[in-house]
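A.B. asks:
Chains as they are written, first to last, in the numbering used here: chain A, 1 to 111; chain B, 112 to 224.
1. With 7 Å as the C-beta to C-beta threshold (strictly closer), list the residues of the stretch 32–60 of chain A near chain B in chain order.
2. With a threshold of 8 Å between beta-carbons, can residue 213 of chain B be considered close to chain A, or not?
3. Return the chain-ordered list of same chain residues with a C-beta closer than 8 Å to the C-beta of residue 82 of chain A, the five sequence neighbours on each side being excluded.
4. Give me, in chain order, the residues of the same chain whose beta-carbon lies closer than 8 Å to that of residue 215 of chain B; leave out the 5 immediate sequence neighbours on both sides.
5. Any Cβ of chain A within less than 8 Å of the Cβ of residue 133 of chain B?
6. Which value, in whole angstroms, describes the spacing of the CA atoms of residue 168 of chain B and residue 159 of chain B?
7. Any idea if residue 224 of chain B is buried or exposed, counting beta-carbon neighbours within 10 angstroms, 16 or more meaning buried?
8. Taking contact to mean at least 3 C-beta pairs separated by less than 8 Å, is the stretch 90–105 of chain A in contact with the stretch 21–36 of chain A?
9. Cβ of residue 154 of chain B within 8 Å of Cβ of residue 25 of chain A?
10. Between the Cα of residue 209 of chain B and those of B:185, B:133, B:173 and B:141, spot the shortest distance and give me the residue it belongs to.
11. So, is residue 196 of chain B buried or exposed, given that buried needs 16 or more other C-beta atoms within 10 angstroms?
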């Protein structure tokens, strides 16, 4: 059974800092890995989707990397802003209906 | 705009009642999913459907039922057999192939009163 761990569970940084969120998973036979953002009481918003054949994906200030063989992905946020405050979840996908979600990293960016 | 609509946003259930959560998508996605989220935790899969008139149990299907009569719709019924139904319920869809990502709805918060 796939197990997903996200470290740290919570992170508080001053505005403008660059930061890295970590995601590790136990079964490396994944099709892809998706990073999401969740605001309190809201649904999940997709940030980046990395296919198993890719090493990284970028969108604006966000960069996600994937090392499938070691079961790791990182989400890099450059020049953090207070609006980035949210919970970030990663979800590696083994096959249909088999995405496993981490418990998330709750980020607070202080003005 | 294409997307997933979940309704209602908030739902209250009395002990012993069945309630149905609605999920509708206009993305023309083949696959649809129901997840449950408890405070401070990740998402757990309840049921999923890859095609109309077919669905599979997820990790925590006991006490729940679904139907998939139309491609656009995947309602979830929380039955009285579900002993701890208070949670945040999220519906998602994808194109159905394994290399596509998920799109999520805005969720329904169910509370037992």
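Glycine included, C-beta positions come from ideal geometry on N, C-alpha and C.
None of the values given here were measured: they were computed from a predicted structure.
C.D. replies: On the basis of the data shown:
1. Flagged, chain order: 32, 34, 42, 43, 44, 46, 49 and 51.
2. Flagged as an interface residue toward chain A: residue 213 of chain B, by a C-beta distance shorter than 8 Å.
3. Here the set comprises 15, 109, 110 and 111.
4. Excluding sequence positions up to five before and after residue 215 of chain B, its CB lies within less than 8 Å of the CB of 115, 201, 202 and 203, all in the same chain and listed in chain order.
5. Judged by the 8 Å Cβ criterion, residue 133 of chain B is not in contact with chain A.
6. The straight-line gap from Cα to Cα measures roughly 7 Å.
7. Its Cβ having fewer than 16 others within 10 Å, residue 224 of chain B is exposed.
8. When C-beta atoms of the stretch 90–105 of chain A are compared with those of the stretch 21–36 of chain A, three or more pairs fall below 8 Å, so the two segments count as touching.
9. No. Outside cutoff.
10. The residue among B:185, B:133, B:173 and B:141 with its C-alpha nearest the C-alpha of residue 209 of chain B is B:141.
11. Its Cβ being crowded by 16 or more others within 10 Å, residue 196 of chain B is buried.
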